[in-house]
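Written below as structure tokens is the structure these notes are about.
In the numbering used here, the protein residues as written are 69 to 521.
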């Protein structure tokens, strides 16, 4: 599931611990003022390190970070909490900067059964700095509180795998930071180094959903990326996020923006024929609304009933809004998860190429204390060529997939997964044949009969 938290203020989190976090940040700022520290510019390592020695163990410096400083802080944090944290890169920006993620988990680097995967992204627009700094701060806070024995944080990190990407657009941030606050326009550094708005650079799957909704029997989940999307400019940062989303079964995601104080949730693109703003819910409207309210209802500033505050114009909506009802645009990174289920009765179907389809009815009670588990056991279909080919052709994706199956850094496929002759005999059109994905995803069960000439 994905929702976006858009805010000019970074205050608060969820529930009473969130208020404690907000108070702690306020204390941190007072300490910074008392010690006479200031926002460090790029490369100002002395200012970054020049802090008094009598600071409390949970002190966290709350300031702007250049790209180099951000990398140092994240790597230092991962080293300090090596038992629950690690850093990794999901790719590079157009100018070659690593898109660095810090992960927190009881077993960093490993997905565990029934452990939810969560990702938070900041700085999609390079000059929107609040989300970037909040995630840098959050990484240090999680590490510090874990080491201090905070039971809530320890329980969270031992039961959830959290991925933080503070800056999706480090190139844009450096442009805005170089010009300085008060000197640059609102567009300076907003785009990446290719002058692309990354928040509008993702595939428009919402339009595909609207089209498929009118086709009887058509699937409206896991929609393939339209072929025409690859004809335009696709930023390396966008590709990195899309590949990242394939490496882990994320069940929750949020991107932090600046400019207002509201939780915006999908769809972002209006189903109005003229694309004017219009309430455009997803099939999971109840779930998205529940998630949005879970954040807004305990946020100290969003709970403020004053219309004069930041985001006060959303007060009557409860500080949440359907994205398309706010303003309509395509290409937002809403994702395609559809795995969290609200209370009620649901029909869940599990299927995979080469295996039978299994359908189950799942009933979620109103007050579940913990996540439930439903197992699906898929039986392999017959191994005969005709039956296999019919099933594979029926489930094969309709378009090519330039993202491929490679890892986060575009690694080539290992030799055991490379079909014989594939490099010597590319398809005439330049794209892979329809059966190609079978060999790159089901290596233990490759049908040897297909390799005979």
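Where a beta carbon is used, it is the ideal one built from N, C-alpha and C, also for glycine.
Which residues in the same chain have their Cβ closer than 7 Å to the Cβ of residue 424, if we skip the five residues on either side of it in sequence?
For residue 424, where only same-chain residues beyond five positions count, the Cβ hits under 7 Å are 446, 447, 449.
Taking its Cβ as the centre, do 16 or more other Cβ atoms sit within 10 Å of residue 376, making it buried, or is it exposed?
Result: exposed.
For residue 168, I'd like the list of residues in its chain whose CB is within less than 7 Å of its CB, leaving aside the five on either flank, ordered along the chain.
Closer than 7 Å at Cβ, skipping near neighbours: 139, 142, 155, 157.
Within 10 angstroms of the Cβ of residue 414, are there 16 or more other Cβ atoms? Answer buried if so, exposed if not.
Exposed, by the Cβ-count rule.
Using 10 angstroms around the beta-carbon of residue 309, count the other beta-carbons present and answer buried if the total reaches 16, otherwise exposed.
With 16 or more Cβ atoms within 10 Å of its Cβ, residue 309 is classed as buried.
If I'm right that residue 227 touches residue 183 with Cβ under 8 Å, what's the distance once you round it to whole angstroms?
Confirmed, about 7 Å.
Pop quiz: residue 523 and residue 317 are said to be a contact at Cβ under 8 Å. What is the actual Cβ separation, rounded to whole angstroms?
A query on residue 523 cannot be resolved here, the shown segment of the chain reaching from 69 to 521 and no further.
Taking DSSP as the reference, what is the three-state secondary structure of residue 240?
Residue 240 falls in the helix class under three-state DSSP.
Do residue 172 and residue 225 count as a contact pair if the criterion is CB distance below 7 Å?
Contact flag set, yes.
Compute the distance between the beta-carbons of residue 238 and residue 165, then report whether it is under 7 Å.
Yes, the Cβ-Cβ distance between residue 238 and residue 165 is below 7 Å.
Near residue 288, which residues of its chain fall below 8 Å by C-beta distance, leaving aside the five closest residues on each side in sequence?
So the list reads 277, 280, 281, 351, once near-sequence residues are dropped.
Is residue 339 helix, strand or coil by DSSP?
Residue 339: coil per DSSP, three-state reduction.
Who are the near neighbours of residue 419 in its chain, counting only those whose CB is closer than 8 Å to its CB and skipping five residues on each side?
Contacts found: 425, 426, 446, 463.
Could you give the residue range of the alpha helix (DSSP H) that holds residue 140?
135-148 is the span of the alpha helix (DSSP H), which, as asked, contains residue 140.
Work out the CA separation of residue 170 and residue 130 for me, nearest whole Å.
Distance between the alpha carbons of residue 130 and residue 170: 18 Å.
Classify residue 157 as helix, strand or coil using the three-state DSSP reduction.
DSSP places residue 157 in strand when its eight states are reduced to three.
In the DSSP output, which residue or residues are listed as bridge partners for residue 435?
For residue 435, which the question treats as bridged, DSSP gives no partner whatsoever.
Would you decide whether residue 202 is buried or exposed? Buried here means 16 or more other CB atoms lie within 10 Å of its CB.
The residue in question, residue 202, is buried, as its Cβ has 16 or more Cβ neighbours within 10 Å.
Is the Cβ-Cβ distance between residue 324 and residue 199 less than 7 Å?
Against a cut-off of 7 Å, the Cβ pair of residue 199 and residue 324 comes out as a contact.
Using the Cα positions of residue 338 and residue 353, report the straight-line distance between them to the nearest angstrom.
C-alpha separation (whole angstroms): 14 Å.
Please state whether the Cβ-Cβ distance between residue 269 and residue 246 is less than 7 Å.
No. Outside cutoff.
Nearest CA to the CA of residue 235: which residue from 300, 332, 409, 305?
Closest by alpha carbon: 305.
On the criterion of 16 or more Cβ atoms from any shown chain inside 10 Å, does residue 153 qualify as buried, or is it exposed?
Buried, because 16 or more other Cβ atoms sit within 10 Å of the Cβ of residue 153.
Within the 7 Å Cβ cut-off, does residue 162 reach chain D?
Protein chain content of the structure displayed is limited to a single chain, and chain D is not contained in it.
Could you pull the start and end residues of the alpha helix (DSSP H) that residue 357 belongs to?
Run containing residue 357: 353-364, per the alpha helix (DSSP H) assignment.
Quick one: which unbroken alpha helix (DSSP H) runs of 4-plus residues sit fully inside the region 259-310? Chain order, please.
List check, alpha helix (DSSP H) in window: 273-281.
Apart from the five residues on each side of it in sequence, which residues of its chain come closer than 7 Å, Cβ to Cβ, to residue 364?
Only 331, 370, 386, 387, 388 meet the Cβ criterion.
Just curious, the alpha helix (DSSP H) that residue 214 is in, first and last residue?
Note, residue 214: alpha helix (DSSP H), 198-215.
Please check the pair residue 253 and residue 241, which I expect to be a contact at CB under 8 Å, by giving their CB distance rounded to whole angstroms.
Not really, about 15 Å apart at Cβ, beyond 8 Å.
Report the rounded CA-to-CA distance for residue 145 versus residue 344, giving the unit in angstroms.
Cα to Cα, the separation comes out at about 45 Å.
Using the C-alpha atoms, what's the distance from residue 296 back to residue 272?
About 10 Å.
Under three-state DSSP, which class holds residue 313?
Three-state DSSP puts residue 313 in a helix.
When you compare the CB positions of residue 326 and residue 213, do they come within less than 7 Å of one another, or not?
Not in contact: residue 326 and residue 213 (Cβ atoms no closer than 7 Å).
Alpha carbon to alpha carbon, what distance is there between residue 321 and residue 189?
The alpha-carbon atoms of residue 189 and residue 321 are separated by roughly 8 Å.
Among the residues of its own chain, which have a CB less than 7 Å from the CB of residue 411, if the five just before and after it don't count?
Cβ within range, chain order: 432, 433, 434.
Here's a check: name, in chain order, each residue in its chain whose Cβ is nearer than 6 Å to the Cβ of residue 265, leaving out the five neighbours to either side.
Hits under 6 Å: 259.
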